[in-house]
Amino acid sequence: QKEVEQNSGPLSVPEGAIASLNCTYSDRGSQSFFWYRQYSGKSPELIMSIYSNGDKEDGRFTAQLNKASQYVSLLIRDSQPSDSATYLCAVNGNTNAGKSTFGDGTTLTVKP
Amino acid sequence: DARVTQTPRDKVTEMGQEVTMRCQPILGHNTVFWYRQTMMQGLELLAYFRNRAPLDDSGMPKDRFSAEMPDATLATLKIQPSEPRDSAVYFCASGLVRGHLNTGELFFGEGSRLTVL
Chain A
481 QKEVEQNSGP LSVPEGAIAS LNCTYSDRGS QSFFWYRQYS GKSPELIMSI YSNGDKEDGR
541 FTAQLNKASQ YVSLLIRDSQ PSDSATYLCA VNGNTNAGKS TFGDGTTLTV KP
Chain B
189 DARVTQTPRD KVTEMGQEVT MRCQPILGHN TVFWYRQTMM QGLELLAYFR NRAPLDDSGM
249 PKDRFSAEMP DATLATLKIQ PSEPRDSAVY FCASGLVRGH LNTGELFFGE GSRLTVL
């Protein structure tokens, strides 16, 4: 079992729809959770971080965390073609090391 | 505009040659990471440093890979000898960890694409 699991996709949604990306993790002591966006041929870019249970909203993005279920998700509202990318879930363990373990990513395509 | 700088951006070399990749972390960041990304394995952590001290290099093949941080503005990843299976994109990332404030947010460089023939 991988430490961080994501559906590889591809996930395709029409422009204007809500895209839902999911991630599960195995380390119950994990403290910090992140979503990175990676365009093809580019480097990962941090778009959301979440540290406590519940929802965190930033513009069109909402991160949701449920530590009991070891589950974190990212919702993208009003999806745009420019949101087409691979989204990487990253999880930090319960040590003060700042070390992130990444999932393999979900590729999202938003069709005009 | 603070950013992580990596060199070279692209490197093509022949099997058996030495390869050195360099990274300049964001000024003030105290943690530096080396990741490798391939289609098959995704993002793998190779090594990381805190305040220039190596914390973990368990993800790195020790017989051929070495990582150092000679000063706060330079991290290096060396492969000697290189093999075709080392072909990948190597990312450097930096972050700031302060005491209990373990945010873990990472800022990535543009990567070094390595092709070993």
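Protein chains in written order, with our numbering: chain A, 481 to 592; chain B, 189 to 305. Virtual Cβ for every residue (Gly too), placed ideally from N, Cα, C. Fair warning: this is a prediction, and the values are worked out from it, not measured in the lab.
Would you tell me roughly how many angstroms separate the C-alpha atoms of E485 (chain A) and W222 (chain B), rounded to the nearest one? Here residue 485 (chain A) is taken as the residue at index 5 of the first sequence, counted from 1. Here residue 222 (chain B) is taken as the residue at index 34 of the second sequence, counted from 1. Roughly 21 angstroms between the two C-alpha positions.
Establish whether the CB of D244 (chain B) and some CB of chain A are separated by less than 8 angstroms. On the second sequence, residue 244 (chain B) is found 56 positions in, with the first residue counted as 1. So yes, D244 (chain B) belongs to the interface.
Is it true that the CB of T219 (chain B) sits closer than 8 angstroms to the CB of L265 (chain B)? Locating residue 265 (chain B) in the second sequence gives position 77, counting from the first residue. Locating residue 219 (chain B) in the second sequence gives position 31, counting from the first residue. Not a contact, by the Cβ cut-off of 8 angstroms.
Please classify V200 (chain B) as buried or exposed, where buried requires at least 16 neighbouring CB atoms within 10 angstroms. In the second sequence, the residue the question calls residue 200 (chain B) occupies position 12. V200 (chain B) should be labelled exposed.
Complete beta strand (DSSP E) runs within the region 531 to 572 of chain A (minimum length 3 residues, chain order): 534 to 538, 541 to 546, 551 to 556, 565 to 572
With respect to the beta strand (DSSP E) encompassing V220 (chain B), which residues constitute its N-terminal and C-terminal limits? Residue mapping note: residue 220 (chain B) aligns to position 32 of the second sequence, counting from 1. Its beta strand (DSSP E) spans residues 219 to 226.
Spatial neighbours of E202 (chain B) in its chain, beta-carbon cut-off 6 angstroms, leaving aside the 5 residues before and after: Along the second sequence, read from residue 1 onward, the residue named residue 202 (chain B) stands at position 14. Hits under 6 angstroms: L305.
What residues are listed by DSSP as bridge partners for P494 (chain A)? Here residue 494 (chain A) refers to the residue found at position 14 of the first sequence. A:K591.
To the nearest whole angstrom, what separates the beta carbons of F296 (chain B) and S523 (chain A), a pair I think is in contact under 8 angstroms? As a working mapping, residue 296 (chain B) is identified with position 108 in the second sequence. As a working mapping, residue 523 (chain A) is identified with position 43 in the first sequence. So it is a contact: roughly 4 angstroms between Cβ atoms.
Classify M228 (chain B): buried if its beta carbon has 16 or more other beta carbons within 10 angstroms, exposed otherwise. To locate residue 228 (chain B), count along the second sequence from 1; it is residue 40. M228 (chain B) comes out exposed.
Counting pairs of Cβ atoms below 8 angstroms between the region 562 to 576 of chain A and the region 517 to 537 of chain A, do you hit three or more? Yes, the region 562 to 576 of chain A is in contact with the region 517 to 537 of chain A.
Any C-beta of chain B under 8 angstroms from that of P494 (chain A): Sequence index remark: in the first sequence, residue 494 (chain A) carries index 14 (1-based). Judged by the 8 angstroms Cβ criterion, P494 (chain A) is not in contact with chain B.
Express the C-alpha separation of Q268 (chain B) and S549 (chain A) in angstroms, rounding to a whole number. Here residue 549 (chain A) corresponds to residue number 69 of the first sequence, with the count starting at 1. Here residue 268 (chain B) corresponds to residue number 80 of the second sequence, with the count starting at 1. The alpha-carbon atoms of S549 (chain A) and Q268 (chain B) are separated by roughly 44 angstroms.
How big is the Cα-Cα spacing for G573 (chain A) and D507 (chain A)? Taking the first residue of the first sequence as position 1, residue 573 (chain A) is located at position 93. Taking the first residue of the first sequence as position 1, residue 507 (chain A) is located at position 27. Cα to Cα, G573 (chain A) sits roughly 7 angstroms from D507 (chain A).
Once you ignore the five residues that flank S500 (chain A) on each side, which residues in its own chain have a CB closer than 7 angstroms to its CB? Numbered from 1 along the first sequence, position 20 holds the residue referred to as residue 500 (chain A). Cβ within range, chain order: S553, L555.
Compare the C-beta of L568 (chain A) with all C-beta atoms of chain B and state if any pair is closer than 8 angstroms. Residue mapping note: residue 568 (chain A) aligns to position 88 of the first sequence, counting from 1. Chain B contact via Cβ: present.
Taking the alpha carbon of Q511 (chain A) as the reference point, which residue from A:V493, A:P490, A:V571 has its own alpha carbon closest? The sequence position of residue 511 (chain A) within the first sequence is 31, counting from 1. The shortest C-alpha separation from Q511 (chain A) is found at A:V571.
Can you give the Cα-Cα distance for Y551 (chain A) and T587 (chain A), rounded to whole angstroms? Counting from one through the first sequence, the residue named residue 551 (chain A) turns up at place 71. Counting from one through the first sequence, the residue named residue 587 (chain A) turns up at place 107. About 19 angstroms.
For a cutoff of 8 angstroms on Cβ pairs, would you count F296 (chain B) as touching chain A? Here residue 296 (chain B) is taken as the residue at index 108 of the second sequence, counted from 1. Chain A, which has a Cβ nearer than 8 angstroms to the Cβ of F296 (chain B), makes this yes.
Cβ neighbours of N546 (chain A) in the same chain (closer than 8 angstroms, five flanking residues each side left out): Here residue 546 (chain A) refers to the residue found at position 66 of the first sequence. For N546 (chain A), where only same-chain residues beyond five positions count, the Cβ hits under 8 angstroms are N533, V552.
Among residues of its own chain, excluding the 5 on either side of R540 (chain A), which ones have a beta-carbon nearer than 7 angstroms to its beta-carbon? Within the first sequence, numbered from 1, the residue matching residue 540 (chain A) stands at position 60. So the list reads I556, R557, D558, once near-sequence residues are dropped.
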